[in-house]
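Undergrad: Just passing along the structure, written as structure tokens.
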Amino acid sequence: MKNWLVIGGTGMLKDVSLWLIQQGNYVTVIGRQQKKMQNLIDEVKNDSKLSPILVDYTKYNHFKLALTESQQKNGTFDCMIAWIHGFDKRVWESLLEAIPTTKNIILYHIKGSSSFIKMTVSKVIYFLI
Numbered sequence: 005m006k007n008w009l010v011i012g013g014t015g016m017l018k019d020v021s022l023w024l025i026q027q028g029n030y031v032t033v034i035g036r037q038q039k040k041m042q043n044l045i046d047e048v049k050n051d052s053k054l055s056p057i058l059v060d061y062t063k064y065n066h067f068k069l070a071l072t073e074s075q076q077k078n079g080t081f082d083c084m085i086a087w088i089h090g091f092d093k094r095v096w097e098s099l100l101e102a103i104p105t106t107k108n109i110i111l112y113h114i115k116g117s118s119s120f121i122k123m124t125v126s127k128v129i130y131f132l133i
């Protein structure tokens, strides 16, 4: 059993969150929308394996505090899956500052949103011109 952090785990990664819990892992899910979080909570069969946290990761101090408090309560994360839109370094700084440096952690960063694709395409077009 691993302790997972899933950022965006109520949206596109909802099925990933549910699957990780079904596999016996402890999963902390970060979500921004109350309705989506409640839908996830309602679908979880073993809610003792879920720690739902309603926080916007662009609210850097709240995000960092929520991660720190979660780890104090449930232990440090072993693995993270992050669906973070855009390229705001402060989000990543907040995330990494909240994670202890005494442990190697597996991080999967999902870059599949349309905002990433549009930004990448516009950079390529600019470069070609």
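So the mapping is simple: my numbering equals the position in the sequence shown, first residue as 1, plus 4.
Just so you know, even glycine gets a beta-carbon here, dropped at the ideal spot from N, CA and C.
Could you tell me the boundaries of the alpha helix (DSSP H) in which THR72 lies?
TA: Looking at the DSSP string, the run of the alpha helix (DSSP H) that includes THR72 is 64-78.
Undergrad: Could you please give the first and the last residue of the uninterrupted alpha helix (DSSP H) stretch that includes VAL95?
TA: Its alpha helix (DSSP H) spans residues 93-102.
Undergrad: For THR32, which beta-bridge partners are listed by DSSP?
TA: Bridge partners of THR32: LEU9 and SER55.
Undergrad: Rounded to whole angstroms, what's the CA-CA distance from GLU47 to THR105? Just pull it up for me.
TA: Spanning the two alpha carbons is a distance of roughly 34 Å.
Undergrad: Label ASN65 either buried or exposed according to how many other C-beta atoms from any shown protein chain fall within 10 Å of its C-beta, with 16 as the threshold for buried.
TA: That one is exposed.
Undergrad: Residue range of the alpha helix (DSSP H) that ILE25 falls in?
TA: Element bounds for ILE25: 18-26.
Undergrad: Would you mind reading off the limits of the beta strand (DSSP E) that contains LEU110?
TA: It should be noted that the sequence gives Ile, not Leu, for residue 110. Element bounds for ILE110: 110-113.
Undergrad: Given a threshold of 16 other Cβ atoms within 10 Å of its Cβ, counted over all protein chains shown, does VAL125 qualify as buried or as exposed?
TA: For VAL125, the predicted structure reports a pLDDT of 47, less than 50, and the residue's modelled location is therefore unreliable. A value from the coordinates is still provided. By the 10 Å Cβ count, VAL125 comes out exposed.
Undergrad: Is DSSP giving ILE45 helix, strand or coil here?
TA: Helix, per DSSP.
Undergrad: On the criterion of 16 or more Cβ atoms from any shown chain inside 10 Å, does MET84 qualify as buried, or is it exposed?
TA: The residue is buried, with at least 16 neighbouring Cβ atoms inside 10 Å.
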